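Using my numbering, read the sequence shown as starting at 330 and increasing by one per residue. To start, the structure under review is shown below, and the notes come after it.
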Amino acid sequence: MKEKVAICTLYDSINCGTFLQAWSLKKNLERMDCDVFFVELKNNNSSISKKNKVSKVTIKEIIIKLIRKIKLQIKFKKLKSEFKLISLDDLNNDNAMKYVFVGSDELWNIKNDSFHHYKEFFGYNFKNKKIIAYAPSANDVTANDLKKYDSSINFDNFYKLSCRDKKTMHLLQAYKKEQITKVVDPTMLVCDFSEIIVNNNLNNYILVYGHEFTDEQIRNIVNFSKVNRLKTVSVTKYFSWCDKNIVASPGEFLGYVKNAKYVITGTFHGSVFSILMKKNFVVYLNNGNKILDLLSDYHLENRIVQSNNSIEEILQTTIDYEEVYKLLEDNKMQSVTYIKNAMNKE
């Protein structure tokens, strides 16, 4: 009989990276003969309220964003329907379900106001369960930040603790004396996305994947694309300065990464999928602690665009993906071992 396990994470997002980390952890646990459910959390007093972010936008931008959001929700809906959900009450009443995985993504980043910070992300409200943290990130949140935010948070409810970056490891070490395991993002456990990837016929383009770029960065990207006669293509995020803006499902997003001549990104998962697809890519560190940590793990710090180099200079430097994948295989092995040990599957 398959072992029933639950995942507590941001499974319901219309962000490609966030969705794919949830999908990937599910797939990896299924490989270990698990029957996987996602914890369905309700936005009630169990959550730590997020702040409402206010920014100045035009009516046109509001309309564009609304239309794109609706299109994204439609594209994501079919994929999300494959996720089996379980309520917190049903989970707590199910004695056959012993393990709850919390992670990955920025579940512990209380400064990220794009989602609700449920207490369950910090190990609360689960009854008689072994709670296993898998690759959550707090980004640059410190112990002092957490104490000011909610002094009750202490990570004591976790049976096993891991994280995906050094900053989060330092945060956990302020609370716990035991060794904290650093593991890879769930997407790096899967590597083969043939089951979900959607190929496209587009070619000779630069994939632009990020949340925001500065005016100078935009000028450099546009200039590089024109000099090299390449189109700029943005997926999921609308940028008026890109040649094409595409509303993509997670599978379509992977296809656009795969077919791109170059990738220009400013995100963690943009960097992850560039590595997994063995792309020639550059990174802007606009919010970079977690990205820098990832790049340093694979000796790819030279992909970062800085004041003393250019996009062209970086892209003229080839990446030794044979060496990168040797490092990745070692890190994957350690991560899989962590999961198996936590579930007594060794």
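Ideal Cβ placement from N, Cα and C applies to all residues, glycine included. Just so you know, these numbers come straight off a predicted model, no measurement behind them.
query                                                                                                                                     : result
Residue 356 versus 411, 404, 343 and 476, residue with shortest Cα-Cα distance                                                            : 411
Length-filtered (3 minimum) beta strand (DSSP E) runs lying within the stretch 581-616                                                    : 591-594 and 610-612
Rounded straight-line distance, which links the Cα of residue 398 to that of residue 443                                                  : 14 angstroms
Exposure label - residue 485; buried when at least 16 CB within 10 Å                                                                      : exposed
Cβ shell of residue 599 (< 6 angstroms), same chain only, five flanking positions each side left out                                      : 538
Beta-carbon contacts of residue 663 that lie in its chain and below 6 angstroms, excluding the five residues immediately before and after : none
Straight-line Cα distance separating residue 481 from residue 608                                                                         : 44 angstroms
Three-pair Cβ contact test at 8 angstroms for the stretch 505-512 versus the stretch 632-645                                              : no
Simplified DSSP assignment, three categories, for residue 433                                                                             : coil
Buried versus exposed, by CB contacts within 10 Å (16 or more), residue 416                                                               : exposed
With 16 other Cβ atoms within 10 Å as the buried cut-off, status of residue 335                                                           : buried
Close Cβ partners of residue 549 (< 8 angstroms) along its chain, the five nearest in sequence each way excluded                          : 634, 639 and 640
Helix, strand or coil at residue 463 according to DSSP, with G and I counted as helix                                                     : coil
Cβ contact check for the stretch 343-362 and the stretch 528-536: 3 or more pairs under 8 angstroms                                       : no
First through last residue of the beta strand (DSSP E) which encompasses residue 281                                                      : Because the chain spans 330 through 675 in this model, residue 281 falls outside it and cannot be assessed.
Close beta carbons around residue 351, own chain, < 6 angstroms, minus the five adjacent residues each side                               : 338 and 340
Sufficient close CB pairs (3 or more, under 8 angstroms) joining the stretch 513-521 to the stretch 456-470                               : yes
Beta-bridge partners of residue 343, as assigned by DSSP                                                                                  : According to DSSP, residue 343 bridges with nothing at all.
Range covered by the beta strand (DSSP E) that runs through residue 637                                                                   : Counting along the chain, residue 637 falls outside any beta strand (DSSP E), and DSSP gives it neither H nor E.
Host alpha helix (DSSP H) of residue 650 (start-end)                                                                                      : 650-671
With 16 other Cβ atoms within 10 Å as the buried cut-off, status of residue 392                                                           : exposed
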